[in-house]
Structures are given as C-alpha cells and as structure tokens.
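Novice: Residue numbers (the UniProt record's numbering): 1 to 282. Okay, here's the structure, questions in a sec.
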C-alpha cells in the first residue's frame, strides 16, 4: 500500500505512452513520473516498461501491474461515485459480452440501464470469445454451457434457453410440412458433429435418414438465417423464433433441448455500483 501514488503514475504512463503526456495528465513534473516508475521497478525488482524512441510500452510484468492498478482505480472511482450519491451520478464505462444469439435477452436490461444512466459509456460485444474478466476485458459476461469454474468469478444462473424445431412458411409451402420420424425429402440445417455442444445435435443425429439432406451449418446465427430464409428446417432458440411470425413450429421447445446461460462477473468488480445497477435491471 506504500506505492499507491507510484501505481497511479504508472497507470497514467501506460495509458498515455509518454512521460510528458502522463506528467501533464497528473499535473506533475516529468522527473516525478520517472522517479515513480524507478521506485516501482526497484520495489518489484523487474522492468515494468520498455523504453523506446516513441515512448513507453508495458513489459509482461508491467501488464500484470496494470491489471491491478486499473482495478484499483475503477474501485476507487466507484467509491467516490457512491459517496456523491446513488441517484444517477455513476460514470465511466460498462462492458458487457455475450453470444450474439443471447443478445435479445440482454438488450432490454441494457436499454433500461442506459435510460437511467446515460452518462455511462456502454459497450456490448457479441462474440464467441471468452472475455478474461481478470484482465479487465469486460465487467459482465454471459456464457452458455457448463458453469464457469474460474477462481474469483461470481457466477449466477441467468436463465435456460430452450430450442425447438422450426421451418419458414415459404419452406412449408414449397416442400410440405415435415413429418417427424420420416424426414425423407427434407433439408435439415445444422450439424451432427460429435464435438458440437448444442443440445439438439443428438436428436439430429438420430433422425437424419438416408433421404434427408443435411446442410451443414455450425454458426448459430447463420443457422437461424438459413431457416428463416427457407433453406431448410432447423433448431432455433425459443426467444428468437417467437419474434418471427413467418416461422412454423415443427417440434415445440423442450427442456431436453435447452442450455443454461450464466451471468459472470469478477469478484473485484462485482460489488461496484454500476455493475450492481446493471444486474438489478437484468
């Protein structure tokens, strides 16, 4: 704790990249910035920055230092915000990540949060990549499948997403309504790969007959677009299909074809005011 001031200086240097810019942001002399960095590197007994002609970049040890300093900075800012009052004076950025297919379930909460806290910069990333919360890549992450077991993560069940089998009205008009148990002559969109974790793959594997054409699609977003465009029949999330009146339910959503969605935060930021306000909306 004796190096809080030096850590703040190093954080500014990492953000701005040059000693002069960091000194200006802090309102101190350039020599002070250099002295604080030297103090930290002596205390940690390692180089935190690489010096080069264009400025300073972080070493691997510096990146680890920055993660600690960034979290501390955010928690101090949150503490100051709470002391100013909880009536909408939050500040900074809120980063949320999720699979694209889950986005419609999250957007209502993001909308309400934005209405109440317009000064917060919202960033929503729809991606299959798992954000490293311990590295500050997101404040809140939504993950499907097995419950995350990473230490220091706060994990709660958001909801189960059920899947059903659907066809577009255009497909049914052209090819007829599929008769489950006899899918000869029909096109099925999806995958039967053993490696797939989608909950309905087992059913597809069992019901894919010799006379059924498989249009292999592994991306859920592309699968949904293909079904809605009438290319074939396929499994869609219940929440997604309910918003499209052009879809016909072939098999209703089932708990047998469902996947849990987990909402994940890092223990260091879970209790910050803006994360808690968003979780309340959720």
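Positions of the beta carbon are idealized from the N, C-alpha and C atoms, including for glycine.
Quick check: the Cα distance between residue 30 and residue 62, rounded to an integer number of angstroms?
Specialist: In the chain shown, counting from the first residue as 1, residue 30 sits at position 30. In the chain shown, counting from the first residue as 1, residue 62 sits at position 62. Each residue's alpha carbon lies about 20 Å from the other.
Novice: For residue 59, collect the residues of the same chain with a Cβ closer than 8 Å to its Cβ; drop the 5 residues on either side in sequence, then sort them by chain order.
Specialist: Residue 59 sits at position 59 when you count from the first residue of the chain shown. Within the same chain, residue 59 has close Cβ partners 46, 47, 48, 49 and 50.
Novice: Could you spell out the range, first to last residue, of the beta strand (DSSP E) harbouring residue 142?
Specialist: Here residue 142 corresponds to residue number 142 of the chain shown, with the count starting at 1. Segment 140-144, the beta strand (DSSP E) holding residue 142.
Novice: Rounded to whole angstroms, what is the Cα-Cα separation between residue 153 and residue 6?
Specialist: Within the chain shown, residue 153 is the residue found at index 153, counting from 1. Within the chain shown, residue 6 is the residue found at index 6, counting from 1. Rounded to whole angstroms, residue 153 to residue 6 spans 28 Å at the Cα level.
Novice: Considering just the uninterrupted stretch of the alpha helix (DSSP H) at residue 108, what are its terminal residues?
Specialist: By 1-based counting over the chain shown, the position of residue 108 is 108. First-last of the alpha helix (DSSP H) with residue 108: 103-116.
Novice: Straight-line CA distance for residue 85 to residue 151?
Specialist: As a first step, residue 85 must be located in the chain shown, where it is residue number 85. As a first step, residue 151 must be located in the chain shown, where it is residue number 151. Annotation note: pLDDT 45 at residue 85 (below 50); position unreliable, coordinate value reported separately. Roughly 32 Å between the two C-alpha positions.
Novice: Please name the residue in 57, 42, 41 and 3 whose C-alpha comes closest to that of residue 19.
Specialist: Here residue 19 refers to the residue found at position 19 when the chain shown is read from its first residue. Of the candidates 57, 42, 41 and 3, the one whose C-alpha sits nearest the C-alpha of residue 19 is 57.
Novice: Could you spell out the range, first to last residue, of the beta strand (DSSP E) harbouring residue 129?
Specialist: Here residue 129 is taken as the residue at index 129 of the chain shown, counted from 1. Residue 129 -> no beta strand (DSSP E), and no H or E assigned at all.
Novice: Is there at least one non-hydrogen atom of the ligand MG closer than 6 Å to the beta-carbon of residue 278?
Specialist: Annotation note on the ligand MG: not contained in the displayed structure, which lists no ligands.
Novice: Quick check: what's the CA-CA separation for residue 53 versus residue 71?
Specialist: Numbered from 1 along the chain shown, position 53 holds the residue referred to as residue 53. Numbered from 1 along the chain shown, position 71 holds the residue referred to as residue 71. Distance between the alpha carbons of residue 53 and residue 71 is about 29 Å.
Novice: Contact between the stretch 171-181 and the stretch 93-111 is defined here as three or more beta-carbon pairs at a separation below 8 Å; is this criterion met?
Specialist: These segments do not touch.
Novice: Let's see if you can read the secondary structure: which residues bound the alpha helix (DSSP H) around residue 201?
Specialist: Taking the chain shown and counting its residues from 1, one reaches residue 201 at position 201. Segment 201-207, the alpha helix (DSSP H) holding residue 201.
Novice: So, are the CB atoms of residue 214 and residue 188 less than 7 Å apart?
Specialist: In the chain shown, the residue the question calls residue 214 occupies position 214. In the chain shown, the residue the question calls residue 188 occupies position 188. Their beta carbons are under 7 Å apart, which means residue 214 touches residue 188 by this criterion.
Novice: When the Cα of residue 183 is compared with those of 209, 160, 248 and 278, which residue comes out closest?
Specialist: Here residue 183 corresponds to residue number 183 of the chain shown, with the count starting at 1. Closest by alpha carbon: 209.
Novice: Which residues in the same chain as residue 138 place their Cβ atom closer than 7 Å to its Cβ, once the five residues preceding and following it in sequence are excluded?
Specialist: What you label residue 138 is simply residue 138 of the chain shown in a count that begins at 1. The residues are 95, 96, 97 and 131.
Novice: Use the C-beta contact count for residue 200: other C-beta atoms within 10 angstroms, 16 or more gives buried, fewer gives exposed.
Specialist: Residue numbering aside, residue 200 sits at position 200 when the chain shown is read from its first letter. By the 10 Å Cβ count, residue 200 comes out buried.
Novice: State buried or exposed for residue 104, treating a residue as buried only when at least 16 other CB atoms are found within 10 Å of its CB.
Specialist: Within the chain shown, residue 104 is the residue found at index 104, counting from 1. It is exposed - the Cβ of residue 104 has fewer than 16 other Cβ atoms within 10 Å.
Novice: Based on the DSSP secondary-structure assignment, which residues constitute the bridge partners of residue 192?
Specialist: Position 192 of the chain shown holds residue 192. Answer is none; residue 192 lacks a bridge partner.
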